[in-house]
Amino acid sequence: MSIQVQHITKQFGDFAALDGINLEIPTGELVALLGPSGSGKTTLLRIIAGLETADGGNILFHGSDATTQSVRERNIGFVFQHYALFRHMTVFENIAFGLRVRPRKLRPPKQEIADRVHELLRLVQLEGLAKRYPAQLSGGQRQRVALARALAVEPTVLLLDEPFGALDAQVRVELRRWLRRLHDELKITGVFVTHDQEEALEVADRVVVMNRGRIEQVGTPTEVYDQPASPFVYNFLGNVNLFHGRVHDGKIEIDSAAHAGVTVGDRDTAATVGYVRAHDLDVDRVAKDVSSMAAVVRHIHAVGSSVRIDLTLQVSNEPAEAQISRERHEELSLSVGEQVFVTPRRVKFFGDYQI
Amino acid sequence: MIPSELKIDRNPDGALLLSLAGEWKLGSAIPSPDSALAGPAAGEKAQRLAFATDKLEGWDSGLLIFLAKLFAICRRDGVIVDQSGLPAGVRKLMELASPENQRTGITHGGERPPFLVRVADAAFAQVKGFKEVLAFIGEVTLAFFKMLRGKADFRRLDLIVTIQETGAQALPIVTLISLLVGMILAFVASIQLKMFGAQIYVADVVGIGMVRVMGAIMTGIIMSGRTGAAFAAQLGTMQVNEEIDALETLGLSPVEFLVLPRMLALMMMMPLLCVYSDLMGVLGGMIVGVGMLDIGVMEYVQESRSALNLTHFLVGLFHCFVFGVLVAIFGCLRGIQCERSASAVGYAATSAVVTGIVSIVVATAIITLSCQVLGI
């Protein structure tokens, strides 16, 4: 089922939590709402669910207006950040709950409920734990029970509020890959909220980057990472270097190195900021071309799959960060304090706004 | 202690040079910032300010306060301050304290809004609170009628557990309080009645007092503190854990599922507790009457029987039934209104007790007045 969000606004006192949000979520896609805290992503999710009412705008489920429908009528599955399992019920009862409380006419027979619960327990890989209480489970297991409970009522839309936020790093990585596989299996329209860019880029079909109650960019993970629409998106996704420069004679100068062929506006000597990802910055002993900048190595972090090098540009004293492969690092064998040249492979310029 | 000294010179380029010497500490006689800026040649305004601190022996917050005031004046007058002459530690601290480094949106204590604004805010909050109470009562009423038609969703187990918690488990405390209230009533009455030699009427005072109103009020207040607070805490915790939201997403109405069984339990148990409380109160009165006023047991019982009638008893029961509804409604309402933090649960419980007791007293006044007017 597709979801359409049309011009949704929400105020909390003087604070605009959502400022005219328009969004379309196609059937069967898993969409991530990504943003820093206070960007309005959870509020948007709760409005889609019907747990919160918007001040203005409409929510359409499969083309029909659901704005005035209550949560109960929307037939959604909701997974909460802190699981919200019923503590006095076993895992089995928690999952079966949504089915058992249905009016008699709609309620499936007992055997069918039991079958479905066991099917779901298999799906979330918790067979054999049906008789445990939530307090006897680990965080990751609880979250999977919460997911099974949400899926038990066969929702048309699955909404997840920071589903992995309360878990430790390792379980989080494991569980998000599992969620992706589960989604591929079930093909249910899903929306999840996260502030973890890695999680959003890895799990979602489509990422919605939000900031201060507005949508900054919507796109596939590759699109938002490779073609950020705004400085905010650039900053929020991945490690990025900011180089302050000026436009001079139609060329941009950063740290006295010229970047030809790029023009920002038509005003000369306008301030501009170049955005370069850490892994788009080449490090060499000699200057490669006119865009190379002299820098001094400050620190080398050689842990993990790639090597991170902290540098200081020589002319402007701005800090920079480069990420190079281990092979390249061995080839160069840099040491702290050495002078090198950094050359950006890809730069994107935005006007000089403060972020 | 070396006294703090301030020397003011004028550099050749027109800048004012402040040379600090000695100890600049709290308690030492630090010159005022205004005098520092006045300069050697009064009337001539300096455009720049520089420092020399070679002879500074020691410093603490005293120096920082002096500098903060000085810098504030400089900012106001547009004087440029060259801080390079100051010790590095002082520079760092002044940097931290500079207005550019203060986070916005954080109020330090905040200013008190004017009186009328506060009155209006309080009034609006009252109106809003009253509307919420009305809306909640409406929802509960609708749920109640739905239950009468046999369509409300709640688990019978929840009802039974709540009946046990609010009924049988409340007996010990109701016993203690009612017995003591009965005794107190007897003591107070006996002091006056003894003067006329009419001790026997202690039985009338205690009997009518307890059965008609005191038994009900005492039960109501006990239940408000015991059960109302518990309801608010239970539902508040569920609200904090998002369990109430979870119920709604699973297609259940929290009012039907959580509030209805609690209200039903109290509606059934409160009148029963009231009867028990009446009995205990009369027993308390009898202990005092027989033990201290030399009234015979049979005599006391006989006097009580002749004083009491069914009307007194039913009025008492009606009181308690109303209190049961009030305690349940306010307990559950405060729980559902609970915000999403742990401290909010405590606040919800406190608020449930306060609202419960206030509503009980108000309801008593209304019922008593109505009975007077109707002649019951």
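These protein sequences, in sequence, are chains A and B.
Heads up: the first sequence begins at 987 in my numbering, then just goes up one per residue.
Heads up: the second sequence begins at 148 in my numbering, then just goes up one per residue.
The beta-carbon is built from N, C-alpha and C at its ideal position, and this holds for glycine as well.
Which residues does DSSP pair with residue i in a beta bridge?
i          : result
His1230(A) : Val1259(A)
Glu170(B)  : Gly205(B)
Ala1306(A) : Leu1297(A)
His1287(A) : Arg1294(A)
Glu1184(A) : According to DSSP, Glu1184(A) bridges with nothing at all.
Thr1329(A) : Asp1268(A)
Leu196(B)  : Leu163(B) and Val228(B)
Asp156(B)  : Leu164(B)
Val1139(A) : DSSP, once it has assigned bridges, lists no residue as partnering Val1139(A).
Ser1124(A) : Its beta-bridge partners do not exist; DSSP assigns none.
Pro370(B)  : Inspection of the sequence shows that residue 370(B) is occupied by Met rather than by Pro. None; Met370(B) has no bridge partner.
Gln992(A)  : Asn1044(A)
Within this structure, are the beta carbons of residue i and residue j separated by less than 8 Å?
i          : j          : result
Ile1081(A) : Arg1135(A) : yes
Val1226(A) : Thr1028(A) : no
Leu1004(A) : Lys996(A)  : yes
Ala1116(A) : Phe1078(A) : yes
Val1262(A) : Pro1330(A) : yes
Val462(B)  : Ile523(B)  : yes
Ala1308(A) : Ala1273(A) : no
Phe283(B)  : Ile434(B)  : no
Val266(B)  : Ser371(B)  : no
Leu1223(A) : Val1177(A) : no
Leu397(B)  : Phe1083(A) : yes
His459(B)  : Ile368(B)  : no
Ile954(A)  : Ser988(A)  : Because chain A spans 987 through 1341 in this model, residue 954(A) falls outside it and cannot be assessed.
Leu153(B)  : Leu164(B)  : no
Met365(B)  : Leu332(B)  : no
Pro1094(A) : Leu1085(A) : yes
Gly1114(A) : Leu1161(A) : no
Ala1040(A) : Leu1046(A) : no
Val1282(A) : Pro1149(A) : no
Gly232(B)  : Ala199(B)  : yes
Val509(B)  : Ala376(B)  : no
Lys239(B)  : Asp207(B)  : no
Asp229(B)  : Leu184(B)  : no
Val1017(A) : Val1210(A) : no
Gly431(B)  : Ser325(B)  : yes
Met414(B)  : Val321(B)  : no
Does the Cβ of residue i have 16 or more other Cβ atoms within 10 Å, making it buried, or fewer, making it exposed?
i          : result
Gly1251(A) : Because Gly1251(A) carries a pLDDT of 47, less than 50, the predicted location of this residue cannot be relied on, and the following value inherits that uncertainty. Per the 10 Å Cβ criterion, exposed.
Ser245(B)  : exposed
Arg1253(A) : Summary for Arg1253(A): the model assigns pLDDT 49, below 50, so the residue's position carries little reliability, and this model does not support an answer.
Glu403(B)  : buried
Ser517(B)  : exposed
Gln339(B)  : exposed
Ala189(B)  : Reliability of the predicted coordinates at Ala189(B) is poor, the pLDDT of 49 falling under 50, and the value obtained from them is presented with this limitation in mind. So Ala189(B) counts as exposed.
Glu390(B)  : buried
Asp392(B)  : buried
Asp156(B)  : exposed
Gln519(B)  : exposed
Ala317(B)  : buried
Gly428(B)  : buried
Pro1120(A) : buried
Phe1335(A) : buried
Gln1111(A) : exposed
Gly1021(A) : buried
Val1326(A) : buried
Asn158(B)  : exposed
Ile310(B)  : buried
Which chain A residues sit within Cβ distance under 7 Å of residue i?
i         : result
Glu242(B) : Chain A residues near Glu242(B): none, gap ~18 Å exceeds 7 Å.
Asp300(B) : Val1087
Would you mind telling me which residues of chain B sit closer than 8 Å to residue i, beta carbon to beta carbon, in chain order?
i          : result
His1068(A) : Asn388 and Glu389
So residue i contacts chain B; which residues on that side make the cut at Cβ distance below 7 Å?
i          : result
Ala1035(A) : Thr396
Give the residues of chain B in contact with residue i, contact being defined as C-beta atoms less than 9 Å apart.
i          : result
Gly1084(A) : Thr396, Leu397, Gly398 and Leu399
Arg1058(A) : Glu395, Thr396, Leu397, Gly398, Leu399 and Ser400
Which chain A residues sit within Cβ distance under 9 Å of residue i?
i         : result
Asp392(B) : Arg1032, Ala1035, Leu1037, Val1057, Phe1064, Phe1066 and Ala1070
Contact set between the region 1122-1143 of chain A and chain B, restricted to residues whose Cβ is under 9 Å from the partner: Residues passing the 9 Å Cβ filter: Ala1132, Arg1135, Ala1136, Ala1138, Val1139 and Pro1141.
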